[in-house]
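Student: I have a structure here, written as structure tokens, and I will follow up with some questions on it.
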Amino acid sequence: MASSYSLSPHHHRHLDQIRAQAAVQYRRVHDSLTSRVSRFVCAVFLTVLSIVGVIFFILWLALRPHRPHFYLSSLSVPNLDPYHSPISFTVSDHNPNHNIGIFCDSIGATVFFNNIEVGSVPSLSEPFYQPPLNTTELRGTTAGNGGGGGPAAGSEPPDRVDGFRVELRAKIRFQLSTWDTHRHKIHANCDAAIGSDGQLLPAYRKKRCSIYFF
Ligand SMILES: *[C@@H]1O[C@H](CO)[C@@H](O)[C@H](O)[C@H]1NC(C)=O
1 MASSYSLSPH HHRHLDQIRA QAAVQYRRVH DSLTSRVSRF VCAVFLTVLS IVGVIFFILW
61 LALRPHRPHF YLSSLSVPNL DPYHSPISFT VSDHNPNHNI GIFCDSIGAT VFFNNIEVGS
121 VPSLSEPFYQ PPLNTTELRG TTAGNGGGGG PAAGSEPPDR VDGFRVELRA KIRFQLSTWD
181 THRHKIHANC DAAIGSDGQL LPAYRKKRCS IYFF
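Positions 1 to 214 (full-length UniProt numbering) are the ones given, in order, by the sequence shown.
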């Protein structure tokens, strides 16, 4: 009866096979469990990360400081003579931020006619603080050089004279002393045309000056 008890080589092989299969099965289950857990952890992590990202993006959109807006509200060229007359102008400086004040450290202007500089005002204002949503009018008058003068006698004044440009250079700081103390240099270009009376045409009044940075 021993033969019925003794494990034949065939039987041995069979057991080994079962054991090996069990080991494979176990490893498969274990592996899939581990990968399922790690996939879950990964998904939770990515979800949290994207929610935090979206919150920060919305906060940044809501709180980021906006540059000031500049508009030309007047430009006056006596005798329609940009080369000799003192040119007067008014610039509207608007702070569009609801909660952020702007320190304007300096602001200067240069007047161009057909891209030729015809006058400049190095400083339109002492340094000033601009509260949120405030609009400040800045006036300037170029020196002019007095020579020449006046339209030729008897000639009809033109309906309009195009080609004026007031270039603004400002240095500002936003009122966010904890994380934004550096100075922003802003350059703005205000295109303009005057009518036969030497005054800014209404179409250019309150037209936003284009801003660019260096
Ligand atoms: C803008 O602020 C200046 C300086 O604080 C103030 O004198 C002026 O009245 C304000 N303008 C408006 C429209 O609130």
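Note that CB positions come from ideal geometry on N, CA and C, so glycine has one too.
Here the structure is a predicted model, which means the values were calculated and not measured.
Output the distance between the C-alpha atoms of PHE45 and ALA192, rounded to the nearest integer angstrom.
Tutor: Their backbone Cα atoms lie some 55 Å apart in a straight line.
Student: Which residues does DSSP pair with ILE102 in a beta bridge?
Tutor: ILE102 pairs with GLN130, PHE174.
Student: With a Cβ-Cβ cutoff of 7 Å, do SER106 and LYS185 count as a contact?
Tutor: Their beta carbons are not under 7 Å apart, which means SER106 does not touch LYS185 by this criterion.
Student: Pairing CB atoms from the segment 128 to 144 with CB atoms from the segment 107 to 120, are three or more of them under 8 Å?
Tutor: Output reads yes: the segment 107 to 120 touches the segment 128 to 144.
Student: Would you kindly check if the distance between the Cβ of HIS94 and the Cβ of HIS69 is under 7 Å?
Tutor: Cβ atoms of HIS69 and HIS94: closer than 7 Å.
Student: Our contact map puts LEU72 next to LEU200 with C-beta atoms below 8 Å; I'd like the distance itself, whole angstroms only.
Tutor: Yes, they are in contact, since the Cβ atoms of LEU72 and LEU200 sit about 6 Å apart, within 8 Å.
Student: Is ASN134 close to ligand 1? I mean its beta-carbon at under 6 Å from any heavy atom of the ligand.
Tutor: Under cutoff, so the answer is yes.
Student: So ILE211 is in the beta strand (DSSP E); what residue range does that whole segment cover?
Tutor: Here the beta strand (DSSP E) through ILE211 covers 210 to 212.
Student: Could you tell me if VAL77 is buried or exposed, where buried requires 16 or more neighbouring beta carbons within 10 angstroms of its beta carbon?
Tutor: VAL77 should be labelled buried.
Student: Between TYR129 and GLY195, what straight-line distance do the alpha-carbon atoms span, to the nearest angstrom?
Tutor: Each residue's alpha carbon lies about 35 Å from the other.
Student: Can you give the Cα-Cα distance for ALA2 and LEU15, rounded to whole angstroms?
Tutor: Here ALA2 scores only 47 on pLDDT, less than 50, and its place in the model should not be relied on; the value that follows carries that caveat. Roughly 19 Å separates the two Cα atoms.
Student: Measuring CB to CB, does VAL161 end up less than 7 Å from CYS190?
Tutor: Result no, Cβ atoms of VAL161 and CYS190 do not sit closer than 7 Å.
Student: Whole angstroms are fine: how far does the CA of PRO96 sit from the CA of ALA62?
Tutor: ALA62 and PRO96: Cα-Cα distance of roughly 13 Å.
Student: Got a sec, what are the start and stop residues for the beta strand (DSSP E) ASN189 sits in?
Tutor: Per DSSP, ASN189 belongs to the beta strand (DSSP E) from 184 to 195.
Student: Distance, Cα to Cα, THR135 vs CYS42?
Tutor: Computed Cα separation, rounded: 51 Å.
Student: If distances are taken between C-alpha atoms only, which option among VAL48, TYR83, VAL24, CYS209 comes closest to HIS187?
Tutor: Out of VAL48, TYR83, VAL24, CYS209, CYS209 has the C-alpha closest to the C-alpha of HIS187.
Student: May I ask you to report which of helix, strand or coil DSSP gives GLY108?
Tutor: In the structure shown, GLY108 sits in a strand (DSSP, three-state: E or B).
Student: At what residues does the beta strand (DSSP E) containing ILE116 begin and finish?
Tutor: Start and end: 116 to 121.
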